[in-house]
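Take a look at the structure below.
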Amino acid sequence: MKSAIFSVLLVAALAHGAVLVENLVRAGRDDPSQAPAICATEGSDNSIVAHENCAKYYQCWGGSPIAFDCGLGTLFNPKNSYCDYPSNVDCGNRFIPEQEEVVIPINPVIPIGNNHDNPSLAPQICAAEDSSDVLVAHENCNQFYMCLHGAPYAQTCQAGLLFDPRRDRCEWPENVNCGNRVV
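For the sequence shown, the residue numbers in mature numbering (1 follows the signal peptide of the UniProt record, and there is no 0) are -20 to -1, 1 to 163.
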């Protein structure tokens, strides 16, 4: 039923020049099967849609859904369009990964060898062959660059999170070393 309603909204939006993109996203953002249709709609860039795995989400970019991981210990909440504590999230029929206990050392040493923590290298990194979907740190710690078609595109982490180039995802501030990036 929800899929039929979504299809009717999609046809209506296309018939009216895609003015209803935000309503389409709201109607289908908790249904992973709608991600391709939502992202193919004009004006949908940066729209957020639930993933089949409750610990992930899709962000629309360039007409396609791009999968992102939620931070450690969080699940995607389609009602709010951000990753949240598991107790606040209803995953419905989406896959729920086992929450394993992870012990993070006080001063973890995570090797850096890809230079994805250096924002000034984003244009060169993204210009490289096979760089689509590569993530690179941004000058602002709550942002990152996503490589797409040879160019870096700035993306923003969800509220309260900072980008960790060592893990290629947005994390809670206490788990991220921003170095000389702006917080």
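Beta carbons are placed, not taken as given, at the ideal position from N, Cα and C, and that holds for glycine.
Spatial distance of residue 64 from residue 106 (CA atoms)
30 Å
Residue 90 to residue 69, Cα distance in whole Å?
A caution first: residue 90 carries a pLDDT of 44, below 50, which makes its placement in the model unreliable, though a value can still be read off. If you take the alpha carbons of residue 90 and residue 69, they lie about 30 Å apart.
Taking the alpha carbon of residue 52 as the reference point, which residue from 141, 158 and 162 has its own alpha carbon closest?
141
Give me whichever residues DSSP pairs with residue 46 in a beta bridge.
39
Between the alpha carbons of residue 124 and residue 72, how many angstroms are there, rounded?
30 Å
Return helix, strand or coil for residue 115, following the three-state DSSP convention.
strand
Decide if the region 13 to 24 is in contact with the region 102 to 119; the criterion is three or more beta carbon pairs, one per stretch, under 8 Å apart.
no
Within 7 Å, strictly: CB atoms of residue 120 and residue 162:
yes
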